[in-house]
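Undergrad: In terms of my numbering, the numbers along the sequence shown are unbroken and rise by one, the last being 160.
In this text, a Cβ means the ideal position worked out from N, Cα and C, and glycines have one as well.
Would you mind keeping the following structure in view while I ask a few things?
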Amino acid sequence: MNSIKQSIKSEILNQLELKIQEITDAIKSAEISRDADSKSSAGDKHETSRAKIQTEIDQLSKQLFNAQKQKNDLLNIDTDQTNSLANVGSLVETNKGYFYISIGWGRIQMQNENYFVISLGSPIGMLLKNKKKGDSFQFRNTEYCILNLS
11 MNSIKQSIKS
21 EILNQLELKI
31 QEITDAIKSA
41 EISRDADSKS
51 SAGDKHETSR
61 AKIQTEIDQL
71 SKQLFNAQKQ
81 KNDLLNIDTD
91 QTNSLANVGS
101 LVETNKGYFY
111 ISIGWGRIQM
121 QNENYFVISL
131 GSPIGMLLKN
141 KKKGDSFQFR
151 NTEYCILNLS
């Protein structure tokens, strides 16, 4: 299961790199637009336009910060570590599917199987925390049994 964890981690890192690049490009484009607007406009319309562009840049900067934080959090996870209790870095196989506890990312498909990439702070992540093989828990009126853990 450790090779699956590494594959999931690599795929998410690739997706994060693309996301970071897209956000960086959008920030650069917005900055160019803002700077060009300041050279060609005057008056209240100019200030309103600049303010809207600056708000967009600020929002993109927050997205960039969050994406970089997710990347750093993911890079700090040791996929070779085998866990006996569910925690950050664990791949948990249940009777209802697989959960990789790392960052809040959502569903990812690898090797014809769906994996739910969740953070420990998510509702299901909190229920999984410190559970071991053979334990069960309930989430949204569904019973989950832990079949395997790595």
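1. In whole angstroms, what separates the C-alpha of residue 143 from that of residue 12?
2. Among 79, 131, 101 and 62, which residue has its Cα nearest to the Cα of residue 23?
3. Assign residue 114 to one of three DSSP states: helix, strand, or coil.
4. Suppose you measure from the CA of residue 137 to the CA of residue 156; what does that come to, to the nearest Å?
5. Just to check my reading of the structure: residue 37 and residue 67 have Cβ atoms closer than 8 Å, yes? What is that Cβ distance to the nearest angstrom?
6. Would you mind giving the Cβ-Cβ distance between residue 114 and residue 128, rounded to the nearest angstrom? I have them listed as a contact below 8 Å.
7. Can you give the Cα-Cα distance for residue 119 and residue 125, rounded to whole angstroms?
8. For the beta strand (DSSP E) holding residue 156, just list the boundary residues, first then last.
9. Less than 8 Å between the C-beta atoms of residue 81 and residue 134, yes or no?
10. If distances are taken between C-alpha atoms only, which option among 26, 139 and 159 comes closest to residue 179?
11. Looking at residue 139 and residue 89, is the spacing between their C-beta atoms short of 8 Å?
12. Rounded to whole angstroms, what is the Cα-Cα separation between residue 62 and residue 116?
TA: With the structure as the only source:
1. 16 Å
2. 79
3. coil
4. Annotation: residue 137 to residue 156 spans about 12 Å, alpha carbon to alpha carbon.
5. 6 Å
6. 6 Å
7. 6 Å
8. 152-159
9. no
10. Because the chain in this structure spans residues 11 to 160, residue 179 falls outside the shown range and cannot be described.
11. no
12. 31 Å
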